[in-house]
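Numbering (this note's numbering), first residue to last: 25 to 216.
Structure follows, in structure tokens:
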């Protein structure tokens, strides 16, 4: 049980019909202000993470689509004995180089220039595909690295293509996703 003396001390000598004191009102305003500021800041951070997650999901989808198309090209390469065990690596005597040439000649892939401009929600992104040098110990393995970047400088599409090219050439980009894969044409497994 609570001692009635403590209730008198805690309540003070103020009558119950006077309302809140100025100090109590100021403390309540400060508590509400801090709560709202924290909540709004968390909402802003949540929105930022949603945007980043959507960008990364789009980048992963673009890379996956490109890899699947390259795998389809690799599956279409036929067996050739001259390509099975090259003694020296040239641009045409191994399966990796043949696949790379087919990628460059493809109409469905951004081949000759392995940089694709992609648009999502009015923002401009660039997917770059780079190839590692084919080595004599793995002449049939095409090693591909992908980088998807957000082109932030004036990141809106304009009808003027010169303006867009100037924007792309600026160094104000940020990497959204990186991916590395190795693709081996199925025909190389048929080599003796």
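Quick reminder that beta carbons are idealized off the backbone N, C-alpha and C, glycines included. Fair warning: this is a prediction, and the values are worked out from it, not measured in the lab.
Around the C-beta of residue 145, fewer than 16 other C-beta atoms lie within 10 Å, and the residue is accordingly described as exposed. Check the Cα spacing between residue 201 and each of 84, 117 and 154: the tightest is with 84. Closest in alpha carbon position to residue 150, among 175, 101, 112 and 161, is 175. Following the DSSP letters along the chain, one finds residue 174 inside the beta strand (DSSP E) bounded by residues 166 to 175. Residue 130 sits in coil when the DSSP states are folded into three classes, being neither helix nor strand. By the Cβ-count criterion, residue 90 is buried, with 16 or more other Cβ atoms from all chains shown falling within 10 Å of its own Cβ.
Using a 10 angstroms sphere on the CB of residue 42, the tally of other CB atoms stays under 16, which defines it as exposed.
Taking all protein chains in view, the Cβ of residue 80 is surrounded by fewer than 16 other Cβ atoms within 10 Å, so the residue is classified as exposed. Closest option to residue 154, judged by alpha-carbon separation, among 127, 162 and 58: 127.
Ranking 45, 116 and 74 by CA distance to the CA of residue 164 puts 116 first. Rounded to whole angstroms, the separation of the alpha carbons of residue 60 and residue 54 is 10 angstroms. In the DSSP assignment, no residue is bridged to residue 119. Contact annotation: residue 95 and residue 211 have beta-carbon atoms that are not nearer than 8 angstroms.
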